[in-house]
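The opening residue of the sequence shown carries number 14 in our numbering; numbering runs sequentially from there.
From the three backbone atoms N, C-alpha and C, an ideal C-beta is built for every residue, glycine too.
Only a predicted model underlies this, so the values are computations on that prediction, with no experimental measurement involved.
I have placed the structure first, in the form of structure tokens, so that the comments after it can refer back to it.
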Amino acid sequence: MDILIIGGGIGGLCSAIAFGQRGHRVTVIERDPEWSVYGVGITQQANVVRAVAELGISDDYLAAGFGFDAVEIYAPDGMRLARVPSPRLAEGYPPNLGMGRPALHDLLARRTKAVGAEVRLGVTAERIDDTGSCVEVIFSDGSTGSYDFVVGADGVYSQTRAIILPDAEK
């Protein structure tokens with residue numbers, strides 16, 4: 014199938030990897046021409062660690078982060094107030110993993126390209142028409158495409174949602 018993924022963040026790239034591994038032709042569009050990522054940390058909990066294991070990218074994923082099995086809370090004087098253990102959902106993997114967002118994004122971007130996905134930066138979908146047999150898309154750069162389906166992974170203020178569900182609550 015020909016699949017368009019709108020949004021080059023975590024959800025869009027994981028989707029691209031999964032579809033690409035299954036032999037589909039994938040195009041990812043990302044509005045940010047620099048594909049920039051904030052340099053903050055991100056905690057990936059057990060359900061995410063399990064999903065990454067299922068994607069088959071765990072070696073690079075584990076190398077990019079720091080695994081841990083509990084969250085500890087400390088008072089300003091250093092006294093430990095609580096320790097909350099986390100469940101392990103994937104055998105052989107830590108329950109949680111912490112890493113910098115740029116490291117996660119770099120890993121996912123490399124794997125997206127490795128499965129053969131086309132990545133187009135600085136492009137948005139201006140019009141999305143489901144014809145019943147395919148989805149026709151007009152892009153902000155004037156180009157067009159025809160896809161078997163489209164995945165909207167463009168975040169909480171999704172332009173995709175606004176296009177296909179214009180009357181939906183914002």
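The beta carbons of G22 and A175 sit about 17 Å from each other, so the pair does not count as a contact at 8 Å. Within the stretch 125–149, no complete alpha helix (DSSP H) segment of 4 residues or longer occurs. Secondary structure at A88: coil, using DSSP grouped into helix, strand and coil. The three-state reading of DSSP puts P98 in strand, counting E and B together.
Beta-bridge annotation (DSSP): L110 is paired with Q57, G80. Contact annotation: the stretch 88–99 does not touch the stretch 65–75, with fewer than three C-beta pairs closer than 8 Å. Note that the C-beta distance between L17 and G158 is below 8 Å. For S28, the enclosing alpha helix (DSSP H) covers residues 23–34.
The distance from the Cβ of R140 to that of I151 is about 4 Å, consistent with a contact at the 8 Å cut-off. Judged by beta-carbon spacing, V62 lies beyond the 8 Å limit of L121, meaning their Cβ atoms are not closer than that value.
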